[in-house]
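Take any residue in the sequence shown, note its place counting from 1, add 32, and you have its number in the working numbering.
Note that beta-carbon positions come from the ideal geometry of N, C-alpha and C, so glycine has one too.
A quick note: this is a predicted structure, and the numbers were derived from the prediction, not measured.
Below is one structure, written out as structure tokens; comments come after it.
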Amino acid sequence: MKGTLKNIRDSGLQTKGFLIVLSGPSGAGKNSVMNAVFPTIPNLKYSISVTTRPPRTGEVDAVNYFFRTEEEFDQMIEEDQLLEWATFVGYRYGTPKGFVYDQICLGNAVIMDIDIQGAAQIREKMPEAVFVFLLPPTWEELSKRLKQRGSDSKEVIRQRLAKSQEEIKHIVDYDYFIVNDDLNQAAEQLRRIIHSEWSRVSRIDTEQLERAWKGER
Ligand code: 5GP
């Protein structure tokens with residue numbers, strides 16, 4: 033049958049991969065929201081960052097982060113292995129380039145949890161990326177969550193809270209914002225953003241679409 037939607041779906045229409053940058057104050061719940069979304073979108077991949085921060089209890093190397101020494105981090109910068117990197121409350125964090133480029137070439141969406149400085153670097157290099165800012169419902173709630181997490185000292189919590197006031201000013205540079213009041217709702221909102229972005233005409237091969245629509249291969 034010519035020109036049916038089924039025809040188009042069966043044609044293996046290729047969508048271009050893209051990058052989703054997720055930022056928001058430390059304690060906003062970026063990990064929880066992403067973890068709720070991953071099982072429902074198989075071609076959404078997580079970019080594991082490199083950091084010089086020591087692991088928190090329960091964090092696993094090559095799952096949560098690639099935990100590296102200052103020297104190893106220096107070497108990665110020298111070898112141009114990082115797409116972006118920044119210093120956040122005393123430690124360095126960066127995105128390995130290879131994984132992101134490979135996944136995008138495969139047509140997958142890659143999500144990365146990075147701070148506002150890293151997001152600014154991505155905006156320069158890859159303006160077609162999607163920028164999402166996750167907000168805790170209130171400053172008070174953020175403060176409560178950071179204390180409850182129990183993984184950081186009082187001083188680090190103080191620094192992270194101070195940082196959050198600066199970060200929130202940069203929300204104007206983002207495409208979408210999500211308020212993480214209710215985890216399921218926040219995850220649903222992120223899911224919808226990703227699906228909508230996948231439907232952008234700019235992310236498909238329009239010639240292939242036309243051929244499939246006409247019933248040609
Ligand atoms: P945490 O220490 O709480 O895991 O992360 C601290 C901050 O570093 C968070 O705002 C997080 O988004 C940011 N971050 C994590 N990975 C990266 C990265 O690869 N690059 C940049 N620029 N920031 C990152």
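Mind checking whether residue i and residue j have CB atoms under 8 Å apart?
i       : j       : result
Ile-65  : Leu-138 : Just to set this straight, residue 65 is Val in the shown sequence, not Ile. No.
Ala-219 : Ala-60  : no
Ile-210 : Gln-197 : no
Val-132 : Ser-79  : yes
Let's see if you can read the secondary structure: which residues bound the alpha helix (DSSP H) around residue i?
i       : result
Met-66  : 62-69
Arg-224 : 215-230
Met-108 : 102-110
Thr-83  : Note, Thr-83: premise wrong, no alpha helix (DSSP H); beta strand (DSSP E) at 81-83.
Thr-238 : 238-245
Glu-198 : 186-199
Can you give me the C-alpha to C-alpha distance between residue i and residue j, rounded to a whole angstrom?
i       : j       : result
Leu-241 : Arg-232 : 13 Å
Lys-129 : Thr-84  : 17 Å
Lys-186 : Pro-71  : 35 Å
Asp-207 : Val-162 : 7 Å
Val-121 : Gln-191 : 7 Å
Thr-89  : Gln-180 : 14 Å
Arg-106 : Asp-112 : Here residue 106 is Asp; the residue named in the question, Arg, does not match the sequence. Roughly 10 Å between the two C-alpha positions.
Asn-63  : Asp-145 : 8 Å
Gln-217 : Thr-170 : 16 Å
Glu-110 : Ala-151 : 21 Å
Glu-229 : Leu-54  : 14 Å
Glu-104 : Leu-193 : 29 Å
Asp-93  : Phe-99  : 6 Å
Met-158 : Asp-134 : 15 Å
Tyr-97  : Pro-86  : 10 Å
His-202 : Gly-56  : 10 Å
Asp-184 : Val-95  : 20 Å
Glu-91  : Arg-223 : 25 Å
By Cβ distance below 8 Å, which residues in the same chain neighbour residue i in space, the five residues on each side in sequence not counted?
i       : result
Phe-101 : The sequence shown places Thr at residue 101, not Phe. Thr-84.
Gly-35  : Residue confidence for Gly-35 is low, a pLDDT of 48 falling below 50, so the modelled location carries little weight; the figure read from the coordinates is stated next. For Gly-35, where only same-chain residues beyond five positions count, the Cβ hits under 8 Å are Trp-245, Lys-246, Gly-247.
Ile-136 : Lys-48, Gly-49, Phe-50, Leu-51, Val-142
Leu-114 : Val-82, Met-108, Gly-126, Thr-127, Pro-128, Lys-129
Leu-45  : Ile-236, Asp-237, Gln-240, Leu-241, Ala-244
Ala-118 : Arg-124, Tyr-125, Gly-126, Ile-146, Asp-147, Gln-149, Gly-150, Gln-153
Leu-215 : Gly-61, Ser-64, Val-65, Ala-68
Lys-195 : Pro-57, Ser-58, Phe-120, Val-121
Glu-199 : Ser-55, Gly-56, Pro-57, Asp-147, Ile-148
What residue range is occupied by the uninterrupted beta strand (DSSP E) comprising residue i?
i       : result
Tyr-123 : 123-128
Val-211 : 208-211
Lys-77  : 76-78
Ile-52  : 50-55
Ala-141 : 141-145
Glu-116 : 114-120
Leu-166 : 162-167
In chain order, what residues of the same chain lie with their CB nearer than 7 Å to the CB of residue i, ignoring the 5 residues before and after it?
i       : result
Ile-226 : Ile-52, Ile-73, Leu-76, Ala-141
Glu-160 : Phe-50
Tell me which residues share the same chain as residue i and place their Cβ nearer than 6 Å to its Cβ, disregarding the 5 neighbours each side in the sequence.
i       : result
Asp-213 : Pro-169
Gln-153 : Glu-116
Assuming residue i contacts residue j under a Cβ cut-off of 8 Å, what Cβ separation, rounded to an integer in Å, is found between them?
i       : j       : result
Leu-174 : Ile-189 : With a Cβ gap of about 10 Å, Leu-174 and Ile-189 do not count as contacting.
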